[in-house]
Each structure stands twice: as C-alpha cells, then as structure tokens.
Amino acid sequence: MKVNITTRHLNDRNRSKRLREYAQKKIPRIERYMHTNHDPTEIKLIFEAEKRNNIAEIIVHDGDFQTTASVVDEDHFAAIDKVVDRIIKQLKRNWEKRTSSKRKHLKANSLKTASVKSKEKTEKITVEQLPLKPMSVEEANLQLKISPLKFIAFRNSENGEMNVIYRNKDSELKLIVA
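Read in numbering that gives the first Met the number 0, the sequence shown has 22 at position 23, and its numbers run on one by one without any break.
What follows is the structure in structure tokens.
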C-alpha cells in the first residue's frame, strides 16, 4: 500500500513533522476497512493551512473504488480525527453495499428448480449451489459432523483439488479425490 502525506502552506517544519507522525498513527485505522487486495491501493493525506482554517483531506484509491473526505477545522489534529472518521464511514458503507448485493445474488441463485422429463412422470430436482471454500480434510470432517448433510464437497486447501467427504453405511469416513 502506498501512502502519500502532503502539507501545504505550513511554515513551521516542526508542526508539519508532528502532523505527519500523527497521521501515520491513524492510517492503520483506515487500512482495517480496506477489504480488497487490489493493486494500486493508495492513501493520500493532504494538510493545508489557510488563515485560521486548517484543512485535512484524505483520498483513498482501493482498486477500482475511490473515495474522498475533507474537513475544515481550527485545529489540524481535530481535523485529522474527523476526516479519518468520515473516510471510515464511507469505506464501511461501500463494503456493506458490496456484500449485500453479493448476498442478494447468492440468495437468488442458491435454490433453482429444474424439471426432468421421463416417460412415466416429470420429477423436480432442487439444485443447491454451495460456495466452494478451501479447507483441509480435518476441517471438512468437522463441517460434516455439524452439518445435516450426508456429504461435504470442498476444495482441498493443501493441493487445490476438488474433494468430497462422506460417511458410508458402516459410519466409516470416505474421501473422494477428483
């Protein structure tokens, strides 16, 4: 992650240095709410002094998402705190928007009904679409124990292959490797 801190119209080098150090302490709070691992990820902090007003501005580039927040205050340190709170609020809102739209999409596609025609009658097949998350065989075994399903399909985190784990009639644990 790239961090740029710019100060404008600050004549006192000591004050400029203290502002930079204070801003560096606040950056981890912002990074917690940046949920994508895209390149280029960048945070720009701009501190500016105009007469009695002190301006703090943050620009966050997180992959294809960009957000900006700006605060005017009499104290630069208070302005930094306020602008960090604002940018965190925007990042949270964006994250919630992205996850809720994904959940809606998954909910709509999770259960589909298909009909299969045979000579005797039409049967309905319910298709459940489960997310394939990588896990170890031990984790899959634990999931199988707590799940009402008779088998668990998963992507093996050790080798990246598709696996199925189930218990047979004799309660023996079986693993199918594809």
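For glycine and all other residues, C-beta sits at the position ideal for the given N, C-alpha and C. Just so you know, these numbers come straight off a predicted model, no measurement behind them.
Own chain residues within Cβ distance below 7 Å of residue i, not counting five before or after
i     : result
Lys25 : Ile79 and Val83
Whole-angstrom distance between residue j and residue i, CA atom to CA atom
i      : j      : result
Thr67  : Gln23  : 18 Å
Ala48  : Ile86  : 20 Å
Gly62  : Thr40  : 6 Å
Leu141 : Met134 : 11 Å
Trp94  : Val59  : 14 Å
Glu171 : Thr98  : 39 Å
Ile54  : Leu90  : 21 Å
Glu160 : Leu148 : 21 Å
Arg14  : Glu20  : 10 Å
Phe76  : Ser100 : 37 Å
Lys123 : Ser146 : 24 Å
Arg28  : Thr121 : 57 Å
Ala177 : Asn158 : 11 Å
Arg7   : Leu18  : 12 Å
Under 8 Å between C-beta atoms of residue i and residue j
i      : j      : result
Ile164 : Val136 : yes
Phe185 : Asn162 : Lying before the first or after the last residue shown, residue 185 is absent from the chain, which here runs from 0 to 177.
Ile45  : Thr5   : yes
Residues sharing a beta bridge with residue i, DSSP
i      : result
Tyr165 : Phe150 and Lys173
His60  : Glu41 and Gln65
Lys1   : Glu41
Cutoff 6 Å; reference residue i; Cβ partners in own chain excluding five residues on either side
i      : result
Ala139 : Ile151, Phe153 and Ile164
Ser69  : Glu56
Asp11  : none
Lys96  : none
Residues of its chain near residue i, where Cβ-Cβ distance is below 8 Å and the 5 sequence neighbours each way are ignored
i      : result
Lys1   : Pro39, Thr40, Glu41 and Ile42
Arg51  : Glu73
Arg92  : none
Thr112 : Low per-residue confidence applies at Thr112: pLDDT is 49, beneath 50, and the placement is therefore not dependable, though the value from the model is reported in the following sentence. Closer than 8 Å at the Cβ level, and outside the excluded window around Thr112, lie Lys123, Ile124, Thr125 and Val126.
Tyr32  : Ile87, Leu90, Lys91 and Trp94
Gln65  : Ile58 and Val59
Coil, strand or helix - residue i by DSSP
i      : result
Lys132 : coil
Glu138 : helix
Asn10  : coil
Asn93  : helix
Asp74  : coil
Glu30  : helix
Lys50  : coil
Glu160 : coil
Thr112 : Residue placement at Thr112 is poorly supported in this model, since its pLDDT is 49, which falls under 50; the coordinates still yield a value, given next. Of the three classes helix, strand and coil, the one that applies to Thr112 here is strand, per DSSP.
Neighbour flag for residue i against chain D, beta carbons, 8 Å
i     : result
Glu30 : Going by chain labels, chain D is absent from the structure shown, which holds only one protein chain.
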